Amino acid sequence: MTPEGQPLKAPAQELPFEPGERQLAKLRKINAALIQRVERSMEQQANAYSLFQTAIGLEAQVRIRTEELKNALRQLEETNHQLVAARDAAERASRFKTRFFTAVGHDLLQPLHAARLTSSALDGNVKPAEQVRLAGQIDHALSTIEELLRSILDISKLEAGVVQPSLQVVPLQDLFASLVTDLGPLARDKSLSLTFRATPLAVTTDQLMMRRILQNLLANAVRYTERGEVKIAARRRGDGVRIEVWDTGPGIPEHERARIFE
968 MTPEGQPLKA PAQELPFEPG ERQLAKLRKI NAALIQRVER SMEQQANAYS
1018 LFQTAIGLEA QVRIRTEELK NALRQLEETN HQLVAARDAA ERASRFKTRF
1068 FTAVGHDLLQ PLHAARLTSS ALDGNVKPAE QVRLAGQIDH ALSTIEELLR
1118 SILDISKLEA GVVQPSLQVV PLQDLFASLV TDLGPLARDK SLSLTFRATP
1168 LAVTTDQLMM RRILQNLLAN AVRYTERGEV KIAARRRGDG VRIEVWDTGP
1218 GIPEHERARI FE
């Protein structure tokens, strides 16, 4: 007891702070767990980055393959266009050949018919001078037929799908006279007058093509004219020449006029 009579208290004992093995082990476990989490997080990030890189690579490959596919489709489309163009060209060439042979065959019939009519007029009662004239008409018709046959035999024109004109200066007076000579027997057989107006004009053209055009116009005029006359003439129009076929027939229906020049 103290002098004052109070009981004495024992001094408090201080316990030393020691983590101990258990606490240290817990800290180590926590640390290891944190490290594992960090490592897993880093691994996940690495995997995500790897996947991202893979996705980028795949996207680039998809773009490349898509572009290659587009190019292949364009090439295929171009090839199809070329095939269609080649087919259309072949069909046009075939149609051209058909029209060409049909038209030239029609043109051949006209001088042949004229030659036949002229030859039928050659008999014993015809005077020698008239025989010479008729023989000249037959020879002229045969020359026309020869020119037309030569155009048929020029296969290169047919294979090209187009007839290239051979341009030259053609005096219309000579051309008109030749046409009237060839088609005269057809007109006389129908008691028609077939004449041409004298002209000094000349044109630059393909003589055979021009002849075929005018021959068809004149032959149709003779065919559809029952009485009267058929005449061919030329008039200057500025720097050009207008060639006209006149007849006393019914004329050409308006809806058929465009077909004449097909």
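Under the working numbering, the first residue of the sequence shown carries the number 968, and numbering increases by one thereafter.
By construction, the Cβ of each residue, glycine as well, lies at the ideal position given by its N, Cα and C atoms.
Note that the structure is predicted; figures quoted are calculated from it, not measured.
Buried or exposed (CB count within 10 angstroms, at least 16 for buried), residue i
i, result
"V1051", "exposed"
"H1222", "exposed"
"D1149", "buried"
"K1198", "buried"
"R1179", "buried"
"D1214", "buried"
"A1096", "exposed"
"P1152", "buried"
"I1023", "exposed"
"P1078", "buried"
"D1055", "exposed"
Reference residue i, options the options, closest by Cα
i, options, result
"A1200", "V1189, D1106, L1116, R1164", "R1164"
"Q1140", "F1067, L994, I997, I1210", "I1210"
"L1168", "V1137, L1184, T1162, M1177", "V1137"
"F912", "E1114, M1177, T1171, R1117", "Residue 912 is absent from the model: the chain starts at 968 and stops at 1229."
Range of the contiguous beta strand (DSSP E) that encloses residue i
i, result
"I1210", "1207-1214"
"S1160", "1160-1163"
Boundaries of the alpha helix (DSSP H) in which residue i is found, first to last residue
i, result
"L1184", "1174-1191"
"I1199", "That residue, I1199, is in no alpha helix (DSSP H); its beta strand (DSSP E) goes 1196-1204."
"Q1140", "1139-1156"
"I1219", "Neither: I1219 is in no alpha helix (DSSP H) and is coded neither H nor E."
request  = Indicate whether the contact test is met: 3 or more Cβ pairs, each with one atom in the stretch 1066-1084 and one in the stretch 1140-1157, closer than 8 Å.
outcome  = Yes, since at least three Cβ pairs between the stretch 1066-1084 and the stretch 1140-1157 fall closer than 8 Å, the two stretches touch.
task = Mind the definition here: the stretch 1039-1046 touches the stretch 1067-1082 only if three or more C-beta pairs lie below 8 Å; say whether that holds.
result = Between the stretch 1039-1046 and the stretch 1067-1082, the count of Cβ pairs shorter than 8 Å is below three; the stretches do not touch.
ask   = Which full runs of the alpha helix (DSSP H) of 4+ residues lie inside the stretch 1049-1098, going along the chain?
value = Complete alpha helix (DSSP H) runs here, min 4: none at all.
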